[in-house]
Amino acid sequence: MRALHEAGRDVPGDISVAGFDDMAEAAFFQPPLTTVRPDFDVVGRHRVALLLDQIDGATDGPRRMAVEPALVVRASTAPPPAGRTA
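In the working numbering, the protein residues as written are 1364 to 1449.
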């Protein structure tokens, strides 16, 4: 966001910015950063279960898992300016 500011762009007036992981510092950026927060507890439980299955000899190949993230909306995102579309 600093580079956008230095280029004369306004966040979120000209452009919206979002991040991933929802690190603690995101709330203190200027403007505070909108982020996607994965549910690391659920991811960890899935990975431990997979590891235990592999230790027990399970060889059923790759697995897919879907974990619903949370969107943490802060001040770095806004609708497009009037007359413009996303």
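In this text, a Cβ means the ideal position worked out from N, Cα and C, and glycines have one as well.
| Query | Result |
| --- | --- |
| The stretch 1430-1445 contacting the stretch 1401-1409, beta-carbon criterion three pairs below 8 Å | yes |
| Identity of the residues DSSP links to LEU1396 by a beta bridge | In the DSSP output, where bridge partners are listed per residue, LEU1396 has none listed. |
| Endpoints, beta strand (DSSP E) assigned at GLY1382 | 1381-1383 |
| Touching by the beta-carbon criterion (3+ pairs, under 8 Å), the stretch 1390-1399 and the stretch 1372-1382 | yes |
| Residues near VAL1436 by beta carbon distance below 6 Å, same chain, minus five either side | THR1397 |
| Cross-strand partners of VAL1430 (DSSP beta bridge) | DSSP output for VAL1430 lists no bridge partner at all. |
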